[in-house]
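Those protein sequences? They're chains A and B, same order as listed.
If you read the first sequence in the working numbering, its first letter stands for residue 1151, the second for the next number, and so on.
If you read the second sequence in the working numbering, its first letter stands for residue 1396, the second for the next number, and so on.
Structure first, then comments.
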Amino acid sequence: MENNVLTYRAAGPLLSLRRYGLLLAFLAVCIGLSLTTPRFLTWQNATIILTQVSINALLAFGVTFVIITGGIDLSVGSVVAVSGVVAASFAHPDTYPVIVPVVVGLLTGLAFGAFNGFVVTSSKVPPFIVTLGTMTIGRGLALILSKGRPVSNLSDAFNFLGGGKVLGVPMLIWILIAVFALCAVILRKTVLGRYMYAVGGNEQASRASGVPLRTVKMAVYTLCGGLAALSGILLTSRITTGQPNAGLSFELDAITAAIIGGTSTSGGTGTMTGTLLGALLIGVISNGLDLLNVSSYYQQVVMGVIIIGAVVLDSLNQTKKA
Amino acid sequence: MKKHVLLAAFAAFCLAGCQSSEKGGAQKLVIGATMLSMQNEFIVNVNDAMAKKAEAEGVELITVDAERSALKQVEQVESFIAQHVDAILLNPCEVEASSPAVAKALAAHIPIINVNSETSTQPTAFVGSDDAESARIAMKFIADKLGGKGNILMMQGYMGQAAQLKREQGAKEILKQYPGLTLLASQTGEWDRAKALSLMENWIQSYGSKIQAVFCQNDEMGMGAVKALTDAGLKNKVIVVSIDAIPDAIQAVKNGTLDATVFQNASEQGAKAVETAIKAIKKQAFDKQTLIPFQLVTKQNADKLPQ
């Protein structure tokens, strides 16, 4: 169906319908939990869920960009670890102002992303393999830089980023809102965003119609690396320590959020709102299962069933309208 | 697979070559050590102690990392056998799956010493600690602090791993002895600080001021629980105890945020393992089982730990 740059506009109303399917699933889970435990639907619990979701959501936003262009990024979990460790090493009290660890951490992630983008665009190696490689490199570097041990004793200013509150609302939530808005604007309102859909919808056609493929791909991987670094820095700040083992299998959670949110793995479709809802759904379920004290063994099964359920519901909605 | 075997055989051949050429000079004993995971801080500490002891005794130590794979570990022991090392130190990945490694070494008449955890096949000797005991010590501390009555939460390690199962078993034994203690909930924090922080936040939401104590099966999770309780302004009302005595946890005990941790003596385990191996090689008398005792770390003794 998608043959030109304008496809994404045609996909517009369809996407919003898909989103409603997910929204219904999300509301159903929330209502179900509110009825079973009185502790679910409170302001305090809402802030807890949003805080817990934020790290994964930031990763998922980055991964959404990449998947829309028809790529994939498996290295985000490792980038969380390596940029967290790097940031932590510059965040000890009375050393550098707080901007230094943040900038150095972000640069680490951007460098990883740019490297992914460079290899993907200048070779025929599939992104799956390239980012599998950087995933291992990143984990190794995190272990080397930290000598396998957590990097602790971080300054209060740094710990405020992921642990502090402004106007009674946790910093992580403010950052989540700001980054979400920024990503949504990039995707919907900019030429770059339009190109992303075009590349993912039909790479050959987009090349023929003059889309700068290389630049677009470099941009999405670099963006994804940067967002992973931001997650890493915030996670480090939240747990007040840089952990070389942080972010293990985070890439799967992020990809899951994007896919539940309606991003198609074959590229060309997806929205930031969908991804945010996907991340929220995962967060609400895991919070709810903890509140209900469901055994850890069952939690995994329940989570899997709900993930499949959400996607099936979503696809039913899609075929009905198509 | 075949390639791997060939590669391993080739590597073993090369190493054996080096070794035999060296044997022309002084007869230096060689001990091979295969470690569960060199990404784990505790295991790294055990291995450091082994290396230190080996150097002091004038023994050559070859360390390889099994990266949590029992299959890899068995292959590593096979190549140690091919190299004709004088003894093997095995820090098992799994109780069952690492057992063939022990059987193979014994069949080749090479002494094999299990370090830190067990296999179902009996090795030449065992040096380590009883994981269940560490949990008993931690739970006993909580029971005493609460006067034998109160509500407890337990944060588990990665479900199904030997350490998680043993620590759960130890904790449950103490819970049985104190009928006044109620286990409100137990969930996994997967040994991870960030996961533990989220889980504790959810628990606070769920049980609030009912919580009187939290037992975490390792320090990483203990640190996460402390963070969540501190943020919620509940830390001074809730006792948190964890296991391992990693540097962060010892610091937290000194600061009074973590109430206690349990010290597992990595350096003692590593040194005793090498010592036992040398005795076994020289056919001197050695203990079939050396259990290094745990030590409860509280504010009173946090400054005096052996490093």
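Each residue gets a CB set at the ideal place from its N, CA and C atoms; glycine is no exception.
Going by beta carbons, Leu1377/A and Phe1211/A fall inside the 8 Å limit.
At least one beta carbon of chain B lies nearer than 8 Å to the beta carbon of Ala1396/A. Using a CB distance below 9 Å, the part of the stretch 1298-1321 of chain A facing chain B consists of Gly1298, Arg1299, Pro1300, Ser1302, Asn1303 and Gly1313, ordered along the chain. Looking at the DSSP output, Met1550/B bridges to Gln1582/B and Cys1611/B. Across the stretch 1536-1566 of chain B, CB contacts with chain A closer than 8 Å involve Gln1551 and Met1554, in sequence order along the chain. For a Cβ distance threshold of 9 Å, residue set Asp1440 and Asn1443 of chain A lies close to Ala1580/B, ordered along the chain. Only those residues of the stretch 1583-1606 of chain B whose C-beta falls short of 8 Å from the nearest C-beta of chain A are listed: Thr1583, Asp1587, Arg1588, Ala1589, Leu1592, Ser1593, Leu1594, Glu1596, Asn1597, Trp1598, Gln1600 and Ser1601. Within 10 angstroms of the beta-carbon of Glu1491/B lie fewer than 16 other beta-carbons, which makes it exposed. Thr1186/A and Gln1659/B have their C-alpha atoms some 42 Å from each other.
One alpha carbon belongs to Asp1682/B, the other to Glu1670/B, and they sit about 10 Å apart. Along the stretch 1176-1200 of chain A, going in chain order, the ones with a CB nearer than 8 Å to a CB of chain B are Thr1187, Arg1189, Thr1192, Gln1194, Asn1195 and Ile1198. Considering only beta carbons, the part of the stretch 1609-1625 of chain B lying closer than 7 Å to chain A consists of Gly1619 and Lys1622, in chain order. Residue Ala1530/B holds the alpha-carbon nearest to the alpha-carbon of Arg1562/B among Asn1597/B, Ala1530/B, Glu1473/B and Ala1627/B. Of the candidates Ile1483/B, Val1441/B and Glu1473/B, the residue whose Cα lies closest to the Cα of Glu1455/B is Ile1483/B. Assignment of Asn1309/A by DSSP, reduced to helix, strand and coil, places it in the helix class. The alpha carbon of Leu1576/B has as its nearest neighbour, out of Phe1610/B, Glu1585/B, Pro1506/B and Gln1582/B, the alpha carbon of Phe1610/B.
In this structure, the alpha-carbon of Gln1612/B lies about 21 Å from that of Leu1439/A. Note that the C-beta distance between Ala1407/A and Ala1178/A is not below 8 Å.
Taking a C-beta distance under 8 Å as the contact criterion, Ala1496/B and Leu1485/B qualify as a contact pair.
Contact note: Asp1643/B reaches chain A through Pro1300, Ser1302 and Thr1391, using a C-beta cutoff of 8 Å and chain order.
The beta carbon of Ser1204/A sits closer than 6 Å to the beta carbons of Leu1322 and Leu1326 from its chain, once the five residues preceding and following it are set aside; these are given in chain order. In this structure, DSSP gives Gly1603/B a helical state, which the three-state scheme calls helix.
Taking a Cβ-Cβ threshold of 7 Å, the residues of chain A close to Val1439/B are Gly1298, in chain order. For Leu1293/A, the nearest beta carbon of chain B is closer than 8 Å to its own beta carbon. Contact check for Met1618/B and Ala1647/B: beta-carbon distance about 6 Å, within the 8 Å limit, so the pair qualifies. Closest in C-alpha terms to Leu1691/B, from the list Leu1424/B, Ile1532/B, Met1554/B and Ser1494/B, comes Ile1532/B. Among the residues of chain B, those whose CB is under 8 Å from the CB of Leu1385/A are Ala1589, following chain order. Straight across, the Cα-Cα distance linking Ala1428/B with Gly1523/B is about 15 Å.
The beta carbon of Ile1336/A lies closer than 7 Å to those of Leu1342 and Gly1343 in the same chain, with the five residues before and after it left out. The beta carbon of Ile1507/B sits closer than 6 Å to the beta carbons of Ile1483, Leu1485, Val1497, Ala1500, Pro1518 and Thr1519 from its chain, once the five residues preceding and following it are set aside; these are given in chain order.
The stretch 1355-1363 of chain A and the stretch 1235-1247 of chain A do not touch, with fewer than three beta-carbon pairs separated by less than 8 Å.
Close to Met1433/B, with beta-carbon spacing below 9 Å, are these residues of chain A in chain order: Leu1293 and Gly1298. None of the residues of the stretch 1354-1366 of chain A has a beta carbon lying less than 8 Å from any beta carbon of chain B. One finds Gly1298 and Arg1299 in chain A with Cβ atoms closer than 7 Å to the Cβ of Glu1436/B, taken in chain order.
For Gly1212/A, there is no enclosing beta strand (DSSP E); the residue is part of the alpha helix (DSSP H) that begins and ends at Trp1193 to Ile1218.
With respect to Gly1221/A, Pro1277/A sits close: the two C-beta atoms are nearer than 8 Å.
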